[in-house]
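Undergrad: Once you've had a glance at the structure underneath, I'll fire off some questions.
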Amino acid sequence: MATIHLIRHGQASFGDDNYDQLSAIGWQQARVLGQWLAGKVQPDVVIGGDMQRHRETVEAIASGYRTDFPDMQVASGFNEFDHAAVVHRLKPEWADRERMQADLQTAEKPAKFFQQTFVKAVDRWASGDYDSEYPETWLQFKTRVQQALDDLVDWANGGEVFVSTSGGPIAVILQSLLGISDQKTLGLNEVIANTSVTRVLYSGRRRSLAVFNNYSHLEAEGPEMVTFR
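Here it is, written out as C-alpha coordinates:
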(Lines of atoms letter the chains of each structure in order from A and count residues from 1; the text may use other names and numbers.)
(Lines give C-alpha, C1' and ligand atoms only; values in the text may rest on other atoms or scores of the structure.)
Protein backbone atom coordinates (compact mmCIF):
# COMPACT_ATOMS: atom_id res chain seq x y z
CA MET A 1 0.00 0.00 0.00
CA ALA A 2 1.13 3.55 -0.72
CA THR A 3 1.16 6.33 1.87
CA ILE A 4 -0.34 9.77 2.20
CA HIS A 5 1.73 11.84 4.62
CA LEU A 6 -0.52 14.51 6.14
CA ILE A 7 1.77 17.29 7.36
CA ARG A 8 0.46 20.06 9.56
CA HIS A 9 2.00 23.41 8.67
CA GLY A 10 4.76 24.99 10.73
CA GLN A 11 3.92 27.45 13.48
CA ALA A 12 1.98 30.42 12.11
CA SER A 13 2.43 34.03 13.22
CA PHE A 14 -0.17 34.36 15.96
CA GLY A 15 -0.56 38.00 17.02
CA ASP A 16 0.94 39.43 13.82
CA ASP A 17 -1.02 41.35 11.20
CA ASN A 18 -0.60 38.37 8.87
CA TYR A 19 -1.30 35.25 10.89
CA ASP A 20 -1.06 33.09 7.76
CA GLN A 21 2.72 33.40 7.36
CA LEU A 22 5.10 31.09 9.19
CA SER A 23 6.92 32.36 12.25
CA ALA A 24 10.70 32.00 12.49
CA ILE A 25 10.13 28.83 14.53
CA GLY A 26 7.67 27.60 11.89
CA TRP A 27 10.29 27.89 9.16
CA GLN A 28 12.82 26.06 11.34
CA GLN A 29 10.34 23.30 12.20
CA ALA A 30 9.64 22.60 8.54
CA ARG A 31 13.33 22.62 7.58
CA VAL A 32 14.01 20.11 10.35
CA LEU A 33 11.19 17.95 9.02
CA GLY A 34 12.68 18.08 5.52
CA GLN A 35 16.05 16.94 6.87
CA TRP A 36 14.35 14.14 8.81
CA LEU A 37 12.38 12.93 5.78
CA ALA A 38 15.37 12.95 3.43
CA GLY A 39 16.55 9.41 2.82
CA LYS A 40 13.44 7.93 4.44
CA VAL A 41 10.77 8.57 1.83
CA GLN A 42 10.73 10.00 -1.69
CA PRO A 43 7.44 11.74 -2.53
CA ASP A 44 5.94 11.23 -5.96
CA VAL A 45 3.43 14.02 -5.41
CA VAL A 46 3.42 17.07 -3.14
CA ILE A 47 0.06 18.72 -2.48
CA GLY A 48 -0.82 21.75 -0.42
CA GLY A 49 -3.74 23.99 0.34
CA ASP A 50 -3.56 27.46 -1.17
CA MET A 51 -2.88 29.18 2.17
CA GLN A 52 0.43 30.97 2.65
CA ARG A 53 1.44 28.82 5.61
CA HIS A 54 0.89 25.66 3.56
CA ARG A 55 3.07 26.92 0.72
CA GLU A 56 5.82 28.20 3.02
CA THR A 57 5.88 24.90 4.90
CA VAL A 58 6.56 23.06 1.64
CA GLU A 59 9.27 25.58 0.72
CA ALA A 60 11.00 25.02 4.05
CA ILE A 61 10.64 21.23 3.86
CA ALA A 62 12.18 21.29 0.39
CA SER A 63 15.12 23.38 1.63
CA GLY A 64 15.81 20.79 4.32
CA TYR A 65 15.19 17.83 2.00
CA ARG A 66 17.54 19.41 -0.57
CA THR A 67 17.25 17.11 -3.60
CA ASP A 68 14.59 15.54 -5.82
CA PHE A 69 11.64 17.32 -4.21
CA PRO A 70 8.61 17.79 -6.48
CA ASP A 71 6.92 21.14 -6.96
CA MET A 72 3.79 21.60 -4.88
CA GLN A 73 0.43 21.23 -6.58
CA VAL A 74 -2.41 23.27 -5.06
CA ALA A 75 -5.60 21.62 -3.79
CA SER A 76 -7.70 24.20 -1.94
CA GLY A 77 -9.90 21.46 -0.50
CA PHE A 78 -7.15 20.93 2.08
CA ASN A 79 -7.45 24.51 3.37
CA GLU A 80 -8.25 25.08 7.03
CA PHE A 81 -11.65 26.42 8.03
CA ASP A 82 -11.90 30.19 8.51
CA HIS A 83 -10.93 30.37 12.16
CA ALA A 84 -11.43 34.14 12.30
CA ALA A 85 -15.04 33.85 11.10
CA VAL A 86 -15.68 31.10 13.65
CA VAL A 87 -14.21 33.08 16.56
CA HIS A 88 -15.95 36.32 15.58
CA ARG A 89 -19.36 34.65 15.66
CA LEU A 90 -18.78 33.91 19.34
CA LYS A 91 -16.91 37.15 20.09
CA PRO A 92 -18.05 39.78 17.54
CA GLU A 93 -16.00 42.46 19.29
CA TRP A 94 -12.83 40.54 18.41
CA ALA A 95 -13.29 41.49 14.77
CA ASP A 96 -11.49 44.61 16.03
CA ARG A 97 -7.96 43.25 16.38
CA GLU A 98 -6.94 45.94 18.87
CA ARG A 99 -9.89 45.05 21.09
CA MET A 100 -8.95 41.37 20.96
CA GLN A 101 -5.36 42.14 21.91
CA ALA A 102 -6.52 44.34 24.77
CA ASP A 103 -8.82 41.60 26.08
CA LEU A 104 -6.07 39.01 25.86
CA GLN A 105 -3.64 41.22 27.76
CA THR A 106 -6.05 41.42 30.69
CA ALA A 107 -5.86 37.64 31.12
CA GLU A 108 -3.28 36.08 33.42
CA LYS A 109 -2.34 33.65 30.63
CA PRO A 110 -3.30 35.24 27.27
CA ALA A 111 -2.46 32.18 25.13
CA LYS A 112 -4.52 29.89 27.37
CA PHE A 113 -7.42 32.37 27.39
CA PHE A 114 -7.39 32.55 23.60
CA GLN A 115 -7.30 28.76 23.31
CA GLN A 116 -10.25 28.38 25.67
CA THR A 117 -12.23 30.93 23.66
CA PHE A 118 -11.25 29.25 20.41
CA VAL A 119 -12.47 25.85 21.65
CA LYS A 120 -15.81 27.35 22.66
CA ALA A 121 -16.13 29.05 19.27
CA VAL A 122 -15.39 25.84 17.38
CA ASP A 123 -17.85 23.87 19.53
CA ARG A 124 -20.53 26.43 18.69
CA TRP A 125 -19.74 26.18 14.97
CA ALA A 126 -19.74 22.37 14.97
CA SER A 127 -23.00 22.10 16.92
CA GLY A 128 -25.03 22.83 13.78
CA ASP A 129 -27.36 25.09 15.76
CA TYR A 130 -26.09 28.28 14.14
CA ASP A 131 -25.31 27.18 10.59
CA SER A 132 -26.92 30.22 8.98
CA GLU A 133 -24.30 32.45 10.63
CA TYR A 134 -21.25 30.87 9.00
CA PRO A 135 -19.88 31.14 5.45
CA GLU A 136 -18.94 27.44 5.68
CA THR A 137 -20.69 25.09 8.08
CA TRP A 138 -18.97 22.25 9.93
CA LEU A 139 -20.73 19.72 7.68
CA GLN A 140 -19.69 21.61 4.54
CA PHE A 141 -16.11 21.74 5.80
CA LYS A 142 -16.03 18.00 6.41
CA THR A 143 -17.54 17.30 2.99
CA ARG A 144 -14.98 19.55 1.31
CA VAL A 145 -12.04 17.83 2.98
CA GLN A 146 -13.35 14.34 2.22
CA GLN A 147 -13.83 15.25 -1.43
CA ALA A 148 -10.29 16.61 -1.57
CA LEU A 149 -8.97 13.33 -0.18
CA ASP A 150 -11.01 11.26 -2.63
CA ASP A 151 -9.79 13.39 -5.54
CA LEU A 152 -6.19 13.07 -4.35
CA VAL A 153 -6.36 9.28 -4.10
CA ASP A 154 -7.75 9.06 -7.63
CA TRP A 155 -5.12 11.44 -8.99
CA ALA A 156 -2.08 10.09 -7.12
CA ASN A 157 -2.70 6.60 -8.50
CA GLY A 158 -0.76 4.71 -5.84
CA GLY A 159 2.13 7.15 -5.39
CA GLU A 160 3.77 8.40 -2.20
CA VAL A 161 2.09 11.71 -1.35
CA PHE A 162 2.98 14.62 0.94
CA VAL A 163 0.10 16.93 1.85
CA SER A 164 0.80 20.28 3.51
CA THR A 165 -2.40 21.16 5.34
CA SER A 166 -3.80 22.18 8.73
CA GLY A 167 -5.06 20.55 11.89
CA GLY A 168 -8.74 20.74 10.96
CA PRO A 169 -8.51 18.75 7.73
CA ILE A 170 -6.24 16.17 9.37
CA ALA A 171 -8.74 15.69 12.21
CA VAL A 172 -11.63 15.34 9.76
CA ILE A 173 -9.75 12.68 7.78
CA LEU A 174 -9.07 10.81 11.04
CA GLN A 175 -12.76 10.97 11.86
CA SER A 176 -13.62 9.24 8.60
CA LEU A 177 -10.98 6.56 9.18
CA LEU A 178 -11.80 5.86 12.82
CA GLY A 179 -15.53 6.53 12.93
CA ILE A 180 -15.28 8.82 15.95
CA SER A 181 -17.66 11.53 17.11
CA ASP A 182 -17.44 15.23 16.29
CA GLN A 183 -16.46 15.94 19.89
CA LYS A 184 -13.53 13.52 19.78
CA THR A 185 -12.53 14.85 16.36
CA LEU A 186 -12.32 18.39 17.68
CA GLY A 187 -10.33 17.10 20.64
CA LEU A 188 -7.79 15.52 18.29
CA ASN A 189 -7.48 18.80 16.44
CA GLU A 190 -6.25 20.47 19.63
CA VAL A 191 -3.24 18.13 20.01
CA ILE A 192 -1.89 18.03 16.44
CA ALA A 193 1.59 19.56 16.58
CA ASN A 194 3.05 21.89 13.99
CA THR A 195 4.89 19.91 11.24
CA SER A 196 3.71 16.64 12.74
CA VAL A 197 3.23 13.80 10.26
CA THR A 198 0.12 11.61 10.15
CA ARG A 199 0.40 8.69 7.75
CA VAL A 200 -2.54 7.12 5.94
CA LEU A 201 -2.03 3.92 3.96
CA TYR A 202 -4.17 3.62 0.85
CA SER A 203 -4.89 1.25 -2.00
CA GLY A 204 -7.72 2.35 -4.21
CA ARG A 205 -10.57 3.33 -1.90
CA ARG A 206 -9.14 1.32 1.00
CA ARG A 207 -7.54 3.56 3.64
CA SER A 208 -6.00 2.83 7.03
CA LEU A 209 -4.38 5.00 9.68
CA ALA A 210 -0.75 3.99 10.22
CA VAL A 211 0.72 6.84 12.30
CA PHE A 212 -0.87 9.82 14.05
CA ASN A 213 0.81 13.11 14.97
CA ASN A 214 4.48 12.07 14.83
CA TYR A 215 6.72 14.98 15.79
CA SER A 216 9.79 13.07 16.93
CA HIS A 217 11.88 15.17 14.54
CA LEU A 218 11.06 18.21 16.70
CA GLU A 219 11.61 16.42 20.00
CA ALA A 220 15.09 15.47 18.83
CA GLU A 221 15.88 19.17 18.38
CA GLY A 222 14.58 20.22 21.80
CA PRO A 223 11.27 20.76 23.62
CA GLU A 224 11.13 24.42 22.58
CA MET A 225 10.58 23.30 19.00
CA VAL A 226 7.26 21.59 19.78
CA THR A 227 4.30 23.94 19.29
CA PHE A 228 0.59 23.45 18.68
CA ARG A 229 -0.55 26.78 17.15
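All you need for the working numbering is the position in the sequence shown, starting with 1, plus 645.
Each residue gets a CB set at the ideal place from its N, CA and C atoms; glycine is no exception.
The structure presented is a predicted model; accordingly, all values stated were derived computationally and were not measured.
Leaving out five residues before and five after Val686 in sequence, what residues of the same chain have Cβ atoms less than 8 Å from its Cβ?
TA: Thr648, His650 and Glu805.
Undergrad: In this structure, does DSSP put Ile706 in helix, strand or coil?
TA: Helix.
Undergrad: So, using beta-carbon positions, are Glu725 and Pro814 closer together than 8 Å?
TA: Against a cut-off of 8 Å, the Cβ pair of Pro814 and Glu725 comes out as a contact.
Undergrad: Helix, strand or coil, according to DSSP, for Thr843 in the structure here?
TA: Residue state, collapsed to three classes: strand.
Undergrad: Check Ala816 in the structure and name its three-state DSSP category.
TA: Three-state DSSP puts Ala816 in a helix.
Undergrad: Short of 6 Å in beta carbon distance, which residues of its chain neighbour Val690, apart from the five on each side in sequence? Order them along the chain.
TA: Result list for Val690: Ala801, Gly804 and Val806, in chain order.
Undergrad: Considering only C-alpha positions, which residue in the set Leu863, Thr788 and Ser809 is nearest to Pro715?
TA: Looking at the Cα atoms, Ser809 is the closest of the given residues.
Undergrad: Alpha carbon to alpha carbon, how far is Asp774 from Gly655? Give it in angstroms, no decimals.
TA: Going by the C-alpha atoms only, they are around 33 Å apart.
Undergrad: Name the DSSP bridge partner or partners of Arg851?
TA: Partner(s): Ser848.
Undergrad: Along the beta strand (DSSP E) that carries Gly693, what are the first and last residues, could you check?
TA: Residues Val690 to Gly693.
Undergrad: Of the residues Gly849, Ser668, Glu701 and Arg676, which one's Cα is nearest the Cα of Leu794?
TA: Ranking the options by Cα distance to Leu794, first place goes to Gly849.
Undergrad: Extract the residue ranges of the beta strand (DSSP E) inside the region 731-783, only unbroken runs of 3 or more that lie entirely within it.
TA: Fully enclosed beta strand (DSSP E) runs of 3 or longer: not present.
Undergrad: Is it buried or exposed, Leu863, if we count other Cβ atoms within 10 angstroms and call 16 or more buried?
TA: So Leu863 counts as buried.
Undergrad: In its own chain, which residues sit with a C-beta less than 8 Å from the C-beta of Gly693, not counting the 5 before and 5 after it?
TA: Around Gly693: His699, Arg700, Thr702, Val703, Met717, Gln718, Val719, Ala720, Phe723, Val808, Ser809 and Thr810.
Undergrad: How is the alpha helix (DSSP H) around His650 delimited, first residue to last?
TA: Careful: His650 lies outside any alpha helix (DSSP H), inside the beta strand (DSSP E) at Ala647 to Arg653.
Undergrad: Below 8 Å between beta carbons: does that hold for Phe873 and Leu819?
TA: Cβ distance not < 8 Å, so Phe873 and Leu819 don't count as in contact.
Undergrad: DSSP state of Asn802, grouped into three classes?
TA: Note: Asn802 maps to coil in three-state DSSP.
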